[in-house]
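Using my numbering, read the sequence shown as starting at 84 and increasing by one per residue.
Backbone N, C-alpha and C fix where the C-beta goes; we use that ideal spot for every residue, glycine too.
Predicted model only: the values in this text are computed from it and were never measured.
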Amino acid sequence: METIVVNPHGFCEGVVKAIALAKKAKREHPNEEIHVIGMLVHNEEVTKKLANEGLIFHDEKEKPLFDQLSSLKDGSVIVFAAHGHEPRLDKLAKEKNMTIYDATCEFVNSNAKSIKDEISKGHEVIYIGKEGHAESVGAIGIDSKKVFLCDPSKENTFWHSIKDPSPAVVSQTTMDLADLYFAKKALSVLFPKARFKDERCFATKKRQEALYKVGEDVDVFVILGSCTSNNTMKLCSIAKDNFPKADVYRINSMEELKAVKLEGKKRVALASGASTSPEFFNKVNDYLRKYKASNK
Ligand code: SF4
Numbered sequence: 084m085e086t087i088v089v090n091p092h093g094f095c096e097g098v099v100k101a102i103a104l105a106k107k108a109k110r111e112h113p114n115e116e117i118h119v120i121g122m123l124v125h126n127e128e129v130t131k132k133l134a135n136e137g138l139i140f141h142d143e144k145e146k147p148l149f150d151q152l153s154s155l156k157d158g159s160v161i162v163f164a165a166h167g168h169e170p171r172l173d174k175l176a177k178e179k180n181m182t183i184y185d186a187t188c189e190f191v192n193s194n195a196k197s198i199k200d201e202i203s204k205g206h207e208v209i210y211i212g213k214e215g216h217a218e219s220v221g222a223i224g225i226d227s228k229k230v231f232l233c234d235p236s237k238e239n240t241f242w243h244s245i246k247d248p249s250p251a252v253v254s255q256t257t258m259d260l261a262d263l264y265f266a267k268k269a270l271s272v273l274f275p276k277a278r279f280k281d282e283r284c285f286a287t288k289k290r291q292e293a294l295y296k297v298g299e300d301v302d303v304f305v306i307l308g309s310c311t312s313n314n315t316m317k318l319c320s321i322a323k324d325n326f327p328k329a330d331v332y333r334i335n336s337m338e339e340l341k342a343v344k345l346e347g348k349k350r351v352a353l354a355s356g357a358s359t360s361p362e363f364f365n366k367v368n369d370y371l372r373k374y375k376a377s378n379k
């Protein structure tokens with residue numbers, strides 16, 4: 084059995100920076116509570132480790148982040164997560180005189196800037212993204228009357244509300260090429276003068292392109308990452324849609340790896356989302372190597 088390592092893999096730069104910033108906050112405020120607003124990065128193992136080091140996580144699934152931030156005492160130390168947040172959270176944190184460590188990734192910030200620029204020029208913006216994802220929530224939160232969500236996995240009705248004949252189209256950084264292609268195709272029929280901006284980040288783009296290039300004769304895809312990681316889920320759908328004969332597994336722990344059926348398989352592609360640690364990637368790679376050695 085041959086293992087094909089799909090590159091790049093492991094943490095992207097944005098995730099590395101977010102983890103380092105959260106640790107820095109703890110180092111600089113050793114005697115204070117450090118509150119992480121939202122899922123710092125989409126990796127449960129990392130979150131667990133940081134929680135063990137004393138960081139307190141506020142998950143948007145439990146309660147709106149605005150309410151959770153409101154309930155913190157003035158002057159708290161907070162860390163904003165990598166995939167962005169609504170601008171009203173910045174305002175609130177400043178009003179409450181909080182010490183802010185902002186781990187928002189530069190690609191997410193660049194998207195937000197482009198949305199703000201369009202709005203300041205009087206345009207409306209169509210945002211192609213996943214409903215409920217932190218990045219989409221942050222983008223819509225810039226101005227919910229001017230930014231309209233287009234979620235390719237849902238039935239969308241937003242276009243009835245758009246008045247701008249030439250809206251800008253901005254997309255979430257972790258969308259996949261196929262979803263974007265079809266969404267843009269549909270939007271260009273509805274809005275022939277729409278202006279499209281490809282805002283996928285390099286980490287997402289490179290991982291997706293590498294997966295498309297993996298040969299037809301792969302029997303099994305092992306894709307590492309959490310179900311909360313949009314870019315991981317997109318890698319899984321690319322593998323399923325483009326290599327229908329292959330088995331596709333999304334794996335988030337060594338325990339889950341045991342469910343992967345390798346018997347009789349000749350080529351296994353090993354890939355990962357951008358919030359998978361290199362340690363976990365290497366462990367899985369070792370496991371596949373050992374399996375190969377013991378089944379020669
Ligand atoms: S996946 Fe892209 S947008 Fe998300 S943190 Fe990594 S580099 Fe930034």
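Glu145: CB within 7 Å of a non-hydrogen atom of the ligand SF4: Position 62 of the sequence shown, counted from the first residue, corresponds to residue 145. No, the ligand SF4 has no heavy atom inside 7 Å of this Cβ.
Residue closest to Thr182, alpha-carbon to alpha-carbon, out of Asn194, Val162, Asn314 and Gly308: Counted from its first residue, the sequence shown places residue 182 at position 99. It is Val162.
Own chain partners of Pro250 with C-beta closer than 7 Å, once the 5 adjacent residues on each side are dropped: As a position in the sequence shown, residue 250 is number 167, starting the count at 1. Excluding residues within five positions, the ones whose Cβ falls inside 7 Å are His206, Glu207, Val208, Ile209, Phe274 and Ala277.
Proximity winner among Ile245, Ile223, Lys246 and Glu238, relative to Ser254 (alpha-carbon distances): In the sequence shown, the residue the question calls residue 254 occupies position 171. Minimum Cα distance to Ser254 is reached at Ile223.
Which of the three DSSP states is assigned to Asp200 in this structure? Mapped onto the sequence shown, residue 200 falls at position 117. Note: Asp200 maps to helix in three-state DSSP.
Secondary structure at Cys310, three-state DSSP: helix, strand or coil? Here the question's residue 310 lines up with position 227 in the sequence shown. If DSSP states are grouped into helix, strand and coil, Cys310 belongs with coil.
Restricting to runs no shorter than 3 residues, where is the beta strand (DSSP E) found entirely within the region 142–226? 160–163, 182–185 and 208–211
Hey, would you say Asp89 sits closer than 8 Å to Leu260, going by beta carbons? The count along the sequence shown starts at 1 and reaches residue 89 at position 6. The count along the sequence shown starts at 1 and reaches residue 260 at position 177. What sits at residue 89 in the sequence shown is Val, not Asp. No; because the gap between Cβ atoms is not below 8 Å, this pair is not in contact.
Using CA coordinates, which residue listed in Glu346, Ala376, Val343 and Thr315 is at the minimum distance from Gly93? As a first step, residue 93 is located in the sequence shown; it is residue number 10 there, counting from the start. Of Glu346, Ala376, Val343 and Thr315, the residue nearest in Cα terms is Thr315.
Check your reading: residues with Cβ closer than 5 Å to the ligand SF4 heavy atoms: Here the list is Cys95, Gly97, Ala165, Cys188, Phe190, Thr256, Cys284, Ala286 and Ala357.
Just to confirm the assignment: which complete beta strand (DSSP E) runs, minimum length 3, are found wholly within the region 87–146? With a minimum length of 3 residues, the continuous beta strand (DSSP E) runs that stay inside the region 87–146 are 117–120 and 138–141.
Excluding sequence positions up to five away, which residues of its chain have a Cβ less than 6 Å from the Cβ of Thr311? Sequence index remark: in the sequence shown, residue 311 carries index 228 (1-based). Counting only Cβ-Cβ distances below 6 Å, and skipping sequence neighbours, we find His125.
With a threshold of 6 Å on Cβ separation, who are the neighbours of Leu104 within its own chain once the five nearest residues in sequence on each side are excluded? Counting from one through the sequence shown, the residue named residue 104 turns up at place 21. For Leu104, where only same-chain residues beyond five positions count, the Cβ hits under 6 Å are Tyr184 and Ala186.
With DSSP collapsed to three states, give me the class of Lys289. Here residue 289 refers to the residue found at position 206 when the sequence shown is read from its first residue. Of the three classes helix, strand and coil, the one that applies to Lys289 here is helix, per DSSP.
In three-state DSSP terms, what is Asp330? Numbered from 1 along the sequence shown, position 247 holds the residue referred to as residue 330. Three-state result, Asp330: strand.
Do you know how far the Cα of Glu292 is from the Cα of Arg350? Here residue 350 is taken as the residue at index 267 of the sequence shown, counted from 1. Here residue 292 is taken as the residue at index 209 of the sequence shown, counted from 1. So the two alpha carbons sit approximately 19 Å from each other.
Answer with buried or exposed for His243, where buried requires no fewer than 16 other C-beta atoms within 10 angstroms of its C-beta. One-based indexing of the sequence shown puts residue 243 at position 160. With fewer than 16 other Cβ atoms within 10 Å, it is exposed.
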